[in-house]
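Just below is one structure, and these are the notes that go with it.
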Amino acid sequence: MSVIGIDFGNDSSYVAVAKAGGIETIANDYSLRATPSFVAFAGRNRVLGVAAKNQQVTNMNNTIGNFKELLGRKFDDPRAQEELRSLPYHTEALQDGGIGIRVNYLDEEHVFSPEQITAMLFTKLKEDAFKELKTQINDCVITVPSYFTNAQRQALLDAANISGLNVLRLMNETTATALSYGFYKQDLPAPEEKPRNVIFVDCGHASLQVSACAFHKGNLKMLASCSDSVGGRDFDLVLATHFNKEFQTKYKIDASSKKRAFLRLMAEVEKLKKNMSANSTKLPLNIECFMNEIDVHSSMQRSEMEELSSHLLKRIETTMRKLLLDSKLALEEIHSVEIVGGSSRIPAIKHLIEQIFGKPASTTLNQDEAVSRGAALQCAILSPAVRVREFSCTDVQAYPVLISWTDTDGPHEMKVFEQYHAAPFCRLLTVHRKEPMTIKVHYEPNSIPYPDPFIGTYHVKGIKPDANGEAQEVKVKVRINNNGIITVSSATMYERKESEEPSSPTPTSNGDQQKTGDANQSSPQGDESGKVGEPMDIQEDKKKKVTTKQVELTIDSNTHGFVHTELCKYFEEEMKMIANDRQEKERIDARNALEEQVYEIREKIQEDGALHDYIDPQDASAICRELEETENWLYEEGESCEKGVYKERLEKMRAKIDPVRNRCEEFNGQEQAFTDLGHAVQQTLKAVEQYRAKEPKYEHLTETEMINITEAAQKAQKWYEEARSKLVGARKTEDPPVKLADIRHETVTLTTCTNSVLNRPKPKPPTPPADQNQQNGSSATGAASQDTHAPGNDNQDSNTPKQTTEDSMDVE
Numbered sequence: 001m002s003v004i005g006i007d008f009g010n011d012s013s014y015v016a017v018a019k020a021g022g023i024e025t026i027a028n029d030y031s032l033r034a035t036p037s038f039v040a041f042a043g044r045n046r047v048l049g050v051a052a053k054n055q056q057v058t059n060m061n062n063t064i065g066n067f068k069e070l071l072g073r074k075f076d077d078p079r080a081q082e083e084l085r086s087l088p089y090h091t092e093a094l095q096d097g098g099i100g101i102r103v104n105y106l107d108e109e110h111v112f113s114p115e116q117i118t119a120m121l122f123t124k125l126k127e128d129a130f131k132e133l134k135t136q137i138n139d140c141v142i143t144v145p146s147y148f149t150n151a152q153r154q155a156l157l158d159a160a161n162i163s164g165l166n167v168l169r170l171m172n173e174t175t176a177t178a179l180s181y182g183f184y185k186q187d188l189p190a191p192e193e194k195p196r197n198v199i200f201v202d203c204g205h206a207s208l209q210v211s212a213c214a215f216h217k218g219n220l221k222m223l224a225s226c227s228d229s230v231g232g233r234d235f236d237l238v239l240a241t242h243f244n245k246e247f248q249t250k251y252k253i254d255a256s257s258k259k260r261a262f263l264r265l266m267a268e269v270e271k272l273k274k275n276m277s278a279n280s281t282k283l284p285l286n287i288e289c290f291m292n293e294i295d296v297h298s299s300m301q302r303s304e305m306e307e308l309s310s311h312l313l314k315r316i317e318t319t320m321r322k323l324l325l326d327s328k329l330a331l332e333e334i335h336s337v338e339i340v341g342g343s344s345r346i347p348a349i350k351h352l353i354e355q356i357f358g359k360p361a362s363t364t365l366n367q368d369e370a371v372s373r374g375a376a377l378q379c380a381i382l383s384p385a386v387r388v389r390e391f392s393c394t395d396v397q398a399y400p401v402l403i404s405w406t407d408t409d410g411p412h413e414m415k416v417f418e419q420y421h422a423a424p425f426c427r428l429l430t431v432h433r434k435e436p437m438t439i440k441v442h443y444e445p446n447s448i449p450y451p452d453p454f455i456g457t458y459h460v461k462g463i464k465p466d467a468n469g470e471a472q473e474v475k476v477k478v479r480i481n482n483n484g485i486i487t488v489s490s491a492t493m494y495e496r497k498e499s500e501e502p503s504s505p506t507p508t509s510n511g512d513q514q515k516t517g518d519a520n521q522s523s524p525q526g527d528e529s530g531k532v533g534e535p536m537d538i539q540e541d542k543k544k545k546v547t548t549k550q551v552e553l554t555i556d557s558n559t560h561g562f563v564h565t566e567l568c569k570y571f572e573e574e575m576k577m578i579a580n581d582r583q584e585k586e587r588i589d590a591r592n593a594l595e596e597q598v599y600e601i602r603e604k605i606q607e608d609g610a611l612h613d614y615i616d617p618q619d620a621s622a623i624c625r626e627l628e629e630t631e632n633w634l635y636e637e638g639e640s641c642e643k644g645v646y647k648e649r650l651e652k653m654r655a656k657i658d659p660v661r662n663r664c665e666e667f668n669g670q671e672q673a674f675t676d677l678g679h680a681v682q683q684t685l686k687a688v689e690q691y692r693a694k695e696p697k698y699e700h701l702t703e704t705e706m707i708n709i710t711e712a713a714q715k716a717q718k719w720y721e722e723a724r725s726k727l728v729g730a731r732k733t734e735d736p737p738v739k740l741a742d743i744r745h746e747t748v749t750l751t752t753c754t755n756s757v758l759n760r761p762k763p764k765p766p767t768p769p770a771d772q773n774q775q776n777g778s779s780a781t782g783a784a785s786q787d788t789h790a791p792g793n794d795n796q797d798s799n800t801p802k803q804t805t806e807d808s809m810d811v812e
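The structure is reproduced here in structure tokens:
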């Protein structure tokens with residue numbers, strides 16, 4: 001099982017995976033790391049990612065892009081309406097007030113929510129990861145903009161659930177960037193030292209996020225985060241509007257009147273903008289057959305673009321200065337400014353960074369992949385399947401949060417979380433109630449880029465007065481979870497009960513019942529009674545004891561997101577669409593295989609084709625007519641048949657052409673097969689001649705064995721000559737009288753017979769008996785002893801031990 005991090009971008013998405021060697025960004029089926037965030041519907045199938053964006057111009061109404069900012073928003077939201085006006089596809093209001101996207105799918109009109117479209121993109125990213133890693137993908141961390149509200153975060157979680165992903169955490173993009181930066185830093189200060197403060201500027205396709213982070217060894221803490229909805233597409237729109245006005249004057253055409261033409265213009269100015277980031281000279285803009293068969297030409301310089309985009313640069317400057325103010329950092333306390341996001345490459349933005357923060361923009365991180373890498377690191381930290389060094393991340397809540405409720409003395413409201421409060425975090429609120437209560441949670445008005453500050457309504461049931469009719473203590477837990485979602489997670493009532501508990505017993509007489517507190521009188525009477533043996537009564541002193549019982553209360557919540565039944569329905573729909581995509585791919589593959597076979601056969605049976613000599617002219621004409629008929633059928637009524645129909649036609653076509661292919665293979669392979677057989681015969685006869693010439697390498701073979709292989713070689717040679725004679729005059733348009741397999745069988749039979757004899761190794765020489773070796777050894781020793789005696793030494797005893805002889809040898 002693998003853990004992945006997903007950077008879900010407005011224009012492109014990235015997937016990174018944590019491996020033993022580090023973090024790796026996964027390539028898609030086009031060998032690209034960036035997968036366009038586009039979903040398209042083309043007839044009977046869905047097209048996702050790169051292929052979807054490539055057909056945006058030709059299939060404009062059914063190609064969905066720029067849907068990230070629609071998540072969790074209502075149709076009448078002013079921000080949503082601003083987005084919808086620039087989109088080429090059709091949208092409408094749903095019954096619950098949400099946004100519906102109308103497309104043509106399976107030859108029918110379908111309406112999908114932004115959450116469903118996002119789930120389709122996640123399905124594609126999940127599939128790419130599976131193909132790359134060859135393992136099941138379940139756990140993931142998905143990044144979200146820091147400015148996303150509860151509604152948007154919940155919508156993204158719903159989209160992940162629909163696609164079958166298990167989200168361990170929704171992580172702010174700013175925090176993921178900071179983790180990607182700090183995890184591998186070995187020179188971070190110790191916890192007791194001053195932190196390293198780093199500014200991160202993330203300018204992407206649709207938004208700008210600027211954050212401040214404090215680093216210590218092994219942990220990071222976000223200090224503040226500011227954002228604005230200004231990104232690369234806004235610069236593209238400024239350039240496209242400028243050139244459109246120029247074309248109206250120069251060529252009398254208005255691109256804004258046709259969505260397809262304006263899409264082409266936006267694509268071209270995006271390329272021009274990227275080129276201007278690397279080049280300050282004047283650059284051309286040329287579009288062929290732009291509108292009304294008119295070619296358009298223009299040019300622009302970087303300084304002109306900066307002048308046209310001055311209002312956008314002013315917004316970027318305001319956001320950066322607000323971050324500096326909110327973080328409460330002095331310029332000298334800032335260690336560096338790191339930039340990520342494609343639009344941060346614009347030189348004017350880099351100049352603003354240096355001007356405001358007093359430090360040049362640093363490109364330590366991969367500007368495109370830093371967010372996905374940080375998400376993969378976080379996923380590895382959270383997942384039990386991967387062992388990784390601990391690194392804690394303390395995030396912040398972007399907006400202040402309030403709760404309100406109504407009591408007997410009127411409405412109450414309090415702020416539970418300030419802006420930039422640490423997250424995740426839990427807060428306990430204590431109230432005294434006699435009856436159930438309704439708690440409303442909402443953002444502080446005018447603090448969010450969202451018209452409705454509503455977070456949720458929570459009805460706490462089961463609250464009742466105590467035995468005396470008094471209010472009871474209720475503790476409500478308000479929580480910011482790992483996903484940045486605010487919720488009332490639990491409510492507990494502390495039910496207090498008073499009970500009487502007996503104390504230690506006190507003895508008293510039957511005649512005089514004294515009060516327990518009158519110690520001076522009760523003690524003497526007790527002693528006297530004890531002396532005379534009178535019976536005694538025991539009086540128990542009872543004390544009050546207060547016990548507290550915790551009762552978990554039931555909470556009915558009304559908040560953003562789909563209910564469970566809706567999620568299950570959408571999940572089943574997604575699974576059906578995935579199955580349909582698979583079937584459609586198999587159907588298209590079968591159709592393409594049939595079409596490919598038509599072209600291949602036609603080419604090979606033509607006059608210069610490889611099969612032309614092996615097919616009868618009449619048969620070739622009949623097959624050509626059938627091929628033409630099949631080709632016409634493919635582009636007419638056979639355009640949308642089922643997979644089985646294509647396979648049936650393909651099998652019939654192969655049944656007619658396979659005999660021709662077999663004949664071609666037979667005739668083309670026979671010459672080499674006969675050569676191999678003749679070589680085997682020659683090698684065998686040569687070995688027999690060497691045996692007759694008493695070659696040493698064959699001297700261990702017997703005469704009978706050589707006679708056998710000689711007969712086998714002669715038999716094979718006879719078969720060889722007869723087979724060759726049969727093939728003389730054989731027509732190529734008919735099956736050959738001798739099969740290729742028969743020739744190869746004769747070759748294998750002969751080589752197996754001869755190799756078993758000729759390749760048998762020589763036997764090893766016999767080993768002499770052990771007692772004979774000992775005798776030979778002793779005689780040799782005796783000879784050696786005699787040789788060591790010096791001449792003339794007659795007094796030397798002939799039985800001198802061997803040790804003495806060896807000593808005399810050493811002396812010499």
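Numbering (full-length UniProt numbering), first residue to last: 1 to 812. All C-beta atoms in this analysis are idealised placements derived from N, C-alpha and C, irrespective of residue type, glycine included. The structure displayed is predicted, hence computed values, not measured ones.
Reduced DSSP secondary structure (H/G/I, E/B, other) of residue i
| i | result |
| --- | --- |
| LYS289 | For clarity, residue 289 is Cys in the given sequence; the question names Lys instead. Reduced to three states, the DSSP call for CYS289 is strand. |
| ASP619 | helix |
| TYR181 | helix |
| GLY98 | strand |
| ALA423 | strand |
| ASP658 | helix |
| ILE6 | strand |
| ARG345 | helix |
| TYR399 | coil |
| LEU685 | helix |
| GLU648 | helix |
Local Cβ density within 10 Å of residue i, reported as buried at 16 or more and exposed below that
| i | result |
| --- | --- |
| ILE117 | buried |
| ALA212 | buried |
| residue 818 | In this structure the chain extends from 1 to 812, so residue 818 is not present and cannot be described. |
| GLU338 | buried |
| ALA385 | exposed |
| ALA467 | exposed |
| ALA693 | exposed |
| ALA255 | buried |
| ARG654 | exposed |
| SER303 | exposed |
| ALA780 | Any answer about ALA780 is weak, because its pLDDT of 42 lies below 50 and its placement is not dependable; what the coordinates show is given next. Counting Cβ neighbours within 10 Å, ALA780 comes out exposed, since fewer than 16 surround it. |
| HIS679 | exposed |
Option nearest residue i by Cα separation, candidates the options
| i | options | result |
| --- | --- | --- |
| VAL198 | LYS19, HIS205, LEU179 | LEU179 |
| ARG33 | LEU220, VAL50, VAL238 | VAL50 |
| GLU306 | ASP581, PHE183, HIS242 | HIS242 |
| ASP128 | ASN62, PRO400, VAL17 | VAL17 |
| SER299 | PRO78, PHE38, LEU283, ASN166 | LEU283 |
| LEU121 | GLY644, GLU413, ALA398, PHE67 | PHE67 |
Residues of its chain near residue i, where Cβ-Cβ distance is below 8 Å and the 5 sequence neighbours each way are ignored
| i | result |
| --- | --- |
| THR143 | GLY5, ILE6, ASP7, PHE8, LEU170, MET171, ASN172, GLU173, ALA176, VAL371, SER372, GLY374, ALA375 |
| ILE555 | TYR458, HIS459, VAL460, LYS461, VAL488, SER490, ALA491 |
Beta-carbon contacts of residue i that lie in its chain and below 6 Å, excluding the five residues immediately before and after
| i | result |
| --- | --- |
| SER640 | none |
| ASP234 | LEU312 |
| ILE23 | ALA16, ARG373, ALA376 |
Nonlocal neighbours in the same chain, by C-beta distance under 7 Å from residue i, ignoring five residues either side
| i | result |
| --- | --- |
| ARG321 | ILE356 |
| GLU268 | LEU285, ILE287 |
| ILE615 | ILE605, VAL660, THR733 |
| ALA261 | ALA255, PHE290, MET291 |
| SER277 | ARG345, ILE346, PRO347 |
Chain C contact for residue i (CB, 8 Å cutoff)
| i | result |
| --- | --- |
| ARG591 | The structure shown contains no chain C; it holds only a single protein chain. |
Which runs of the alpha helix (DSSP H) at least 4 residues long sit entirely within the region 25–94? Give them in chain order. 50–54, 78–85
Write down every uninterrupted run of the alpha helix (DSSP H) in the region 95–173 whose length is 4 residues or greater and which is fully enclosed by it, in chain order. 114–133, 150–162
In chain order, what are the residue ranges of uninterrupted beta strand (DSSP E) at least 3 long that sit wholly in the region 181–230? 196–203, 208–216, 219–228
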